[in-house]
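Okay, structure first, notes after.
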Amino acid sequence: MGRNIVLLSDGTGNSAAKVWRTNVWRTFEALDLSGNDQVAFYDDGVGTSTFKPLAVLGGAFGFGLKRNVIDIYKFACRNYKDEDDDLYGFGFSRGAFTIRVVIGLILNQGLVSADSESELHKKAIAAYRQYRSERYHTSWPWHPEDAYRAIRNFLFPIKYDKRDNRKVKCIRFVGVWDTVAAYGLPMDEMTRGVSRWIVPLELPNHTLDRKRVQRACQALSLDEERTTFHPELWDEKVVPPSEFDPNQKRNIADEQISQVWFAGVHSNVGGGYPDDALAYIPLVWMLNEARRCGLKFKSETGDPPAYPDAFKNAMSRADKDGRIYDPRAGLGAYYRYGPRKLVQLCNYRYSKKEDDEVTIDRPKIHESVFRRIRNHAHAYAPIGLPPVYDVVKADGEIVTPDQFGCETIDAAKTRADAQEHVWNEIWKRRVVYFAAVGATAWLLAFPLISGATRSDEFTSRIRWVSDIIRFVGAFLPGFASTWIDGYARAPFSFLLLAGLVVFFNLWGVRIASRIDDRMGAIWRKTPSAPTGLPDDFIYRLRSNRFYIALHEGLKRKWAPALFALLFAYIGLALVNRLLYNVQDVAGLTCTPSAETKGLARGEAVAEPIVFKTSDLCKPTGIHLDGGGARYLVKVEPVPSEPWHDASISVPFGGFSPTEQPTWKQRILLGLGVPLRRELTQDWFRIVLRYGDIGGEEAFLDPDPSDSVIEATIRPTREGELFIFVNDSVLGVPGLYDLFYRNNKGAAKLTVKRR
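Heads up: the sequence shown begins at 38 in my numbering, then just goes up one per residue.
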């Protein structure tokens, strides 16, 4: 007799140690594991590492997914014996993505056999690598990622042959709650660009292997408003719409793929909130479907009896009127705003690949959604329902809206048309959201680009604002000093920018209230409810085919390509920085003088040392003593040789907050920032270096009121003094000074020991 092997993967930041558990944990807890006929593996979600930096990376970007996939896969390999065994998979959010990857891995590679845990681990990694190489590719015709994989396999070879693996005939059941992309960047366009052109991160397609997955269920959130959490659906192209017969009795148990929408946001469906009554509704539905597929749960009537009974416990906690949380409250408001519109989500092409699209002709809405609307215990008015859909009743029967009694076919069409008035308001709120993000970015960047000086703070007519900022700053960590100083020195600008941030956020809240009111009026059919399609400018713009093509092209092609190019450049710049810094610290970039001379106390150099801005690392021939020795350094301009970076005129001593390049020059110079020798210092800042080896340096800031730069230095070590300006560098021998070669200008250095 075969066994049921149950694989479970939780969502981001969710684990068995959390106080508020998800439906994945509840499923694991509900399993009857008293005998040997069922075994289960529960995997904590990404972002649950005890090492906090890894937890942050996992929560933000999905770091750790590979490890989770391999852990789950190894459990299946250990426990699967023969074709009599059945495999089940459950997951929520990124855990749902994880389970879908695990299922794909099992079906593509089979299950490895091993005589030891170390061998199992190595073979599991090899199987995962092979699966990725066969199924995950970028959009380049020659697949450059294959070169990386070949180098990796050459450097870290693992003996592996897919033909030795045990084949799995089919997966019995897959149940997921609101699958989202596992690897996330701040913007969808960033993720899409990286996945398409650099490293494949997204699912290879959205088609379920119907020949080998017997049953698949997905519970989906109807009210989630964060685009980062938009769902990864399965394609349901099975029966052409012309063959749909509303009079034929249908039951969800007869389907192979069932994707049902429930009231609530992402974690209202998958669980994890303190008041989780809503989450128990999709939990009961999922447990019922899994039980029909042979999975055993704790039961009071079992042998032996188990308490609490899984179904009685879940059903007693379910409440259609449970609390719907707002994940965009507070700082969550900076999640990209984008409510779910089922017409778009259920008819979506992800890429040009033939099998990478989703078509769902009749989305299924759970009856609890309409019971919540009818009861009106809370002001609930979903904004994303399509004009054509089906209703799934609690007993599994599938009916049309008019058969259920929520709205007729004509009423659904009328409601969907009126709904477009609300989507006009949603469009406005998106615009306001981007304005709020822009104002916030400006507020955060202001101290870094402001030309305000210390004296501006004391001459301001609203100095009391600066005093408040200083008072608040006293309670903040040291790294916040840059922002505290910047805001305190320009209190009027701070008030203006902070006011814009508050204004746009409050405007967004006001529009959100209007959205709720209008959609509520449409569902209640009040006289004030809008009717028919809107005919205003915003709707004509939204529905214009050129606007749609431009928006889709920007979102799906141009922006991802631009971000991919940006990330590739940043990646190469990081490699360049690593290569240069290694060689720089080793003393390969600064050539010492044949002879050096130290200075006695009170002694100065005989004559000024002239250095050029094109010098990569100018040796001065002066030997500095460490151990607290003090030196007065003075740098003077050479009037006949003004400073230039190619054609860009540079003020003596480099750019500063009071002397900034023009906006055109900022764009040009901004492209070179990742290659800048001293990343945190401005362009052409004068740098003093102590010794050719080690990289100990000091920076000389220009004085806006004096053309001569003077400073007292205390070398941290002994060695020759070198001087240069801050410009871009390359980490390639012979090309270190490539960007220095077009510099013009010179200065005179005088050094005196005190």
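Quick reminder that beta carbons are idealized off the backbone N, C-alpha and C, glycines included.
Just so we're clear, the structure is a prediction, and the values are computed from it rather than from any experiment.
Inclusion of Gly-510 and Ile-521 in the CB contact set at 8 Å is warranted, their separation being smaller than that value.
Taking a contact as a CB-CB distance under 8 Å, the pair Ile-506 and Ala-478 does not count as one, their CB atoms being some 19 Å apart. Bridge partners of Pro-674 according to DSSP: Ala-784. Here His-458 is buried. Its C-beta has 16 or more other C-beta atoms within 10 Å.
Three or more beta-carbon pairs separated by less than 8 Å link the stretch 729-736 to the stretch 744-759, which places the two stretches in contact. Secondary structure at Ser-170: helix, using DSSP grouped into helix, strand and coil. Listed in chain order, the alpha helix (DSSP H) elements of length 4 or more contained wholly in the stretch 512-571 are 518-526 and 528-561. Val-106 is classed as buried because its beta carbon has at least 16 other beta carbons within 10 Å across all chains shown.
One thing to note: Ser-353 has its Cβ no nearer than 8 Å to the Cβ of Glu-326. Look at the stretch 656-737 and you find these whole runs of alpha helix (DSSP H), each 4 residues long or longer: 700-707. In the DSSP assignment, Ile-435 falls within the beta strand (DSSP E) that extends over 434-436. Secondary structure note for Tyr-117: it is in no beta strand (DSSP E), with a DSSP letter that is neither H nor E. Assignment of Phe-759 by DSSP, reduced to helix, strand and coil, places it in the strand class.
Straight through space, the alpha carbons of Leu-481 and Leu-513 are spaced by roughly 16 Å. Between Arg-263 and Leu-144, the beta carbon gap of about 31 Å keeps them out of contact (Cβ cut-off 8 Å). If the five residues before and after Ala-163 are omitted, its C-beta is found closer than 6 Å to the C-beta atoms of Ile-195 and Tyr-197, all from its own chain and listed in chain order. Per DSSP, Arg-386 is one residue of the beta strand (DSSP E) stretching across 384-386.
Runs of beta strand (DSSP E) with 3 or more residues, each lying fully within the stretch 236-264, are found at 253-258, listed in chain order.
The beta carbon of Lys-111 sits closer than 6 Å to those of Leu-157 and Ala-161, all from its chain and outside the five residues before and after it, given in chain order.
Inter-residue distance for Asp-392 and Ala-77 is about 32 Å (C-alpha atoms, whole angstroms). Ranked by Cα distance from Leu-570, the first of Thr-451, Thr-650 and Leu-786 is Thr-451. The criterion of a C-beta distance shorter than 8 Å is not satisfied by Leu-192 and Ile-109. It is roughly 15 Å from the alpha-carbon of Ala-489 to the alpha-carbon of Arg-498. Taking 8 Å as the cut-off, the beta carbon of Tyr-372 is found no closer than this to the beta carbon of Tyr-310.
In the three-state reduction of the DSSP assignment, Gly-128 falls in the strand class. Between Val-675 and the set Leu-533, Ile-646 and Gly-707, the nearest pair of CA atoms involves Ile-646.
Across the structure, Pro-345 and Asn-60 are spaced so that their CA atoms are roughly 16 Å apart. Here Gln-146 carries a helix assignment [DSSP, helix/strand/coil].
Closest by C-alpha distance to Asp-740, out of Trp-544, Gly-230 and Glu-673, is Glu-673. The count of Cβ pairs closer than 8 Å, one atom from the stretch 454-474 and one from the stretch 417-435, reaches three, so the stretches are in contact. In this structure, DSSP gives His-403 an extended state, which the three-state scheme calls strand. As computed with DSSP, Gln-75 is found in a beta bridge with Asn-41. Here the C-alpha atom of Ile-486 lies approximately 41 Å from the C-alpha atom of Lys-634. Looking at the DSSP output, Ile-750 sits in a beta bridge with Tyr-668.
Going by beta carbons, Leu-653 and Tyr-727 fall outside the 8 Å limit.
Looking at the backbone, the Cα of Asp-312 and that of Ser-170 are separated by about 43 Å.
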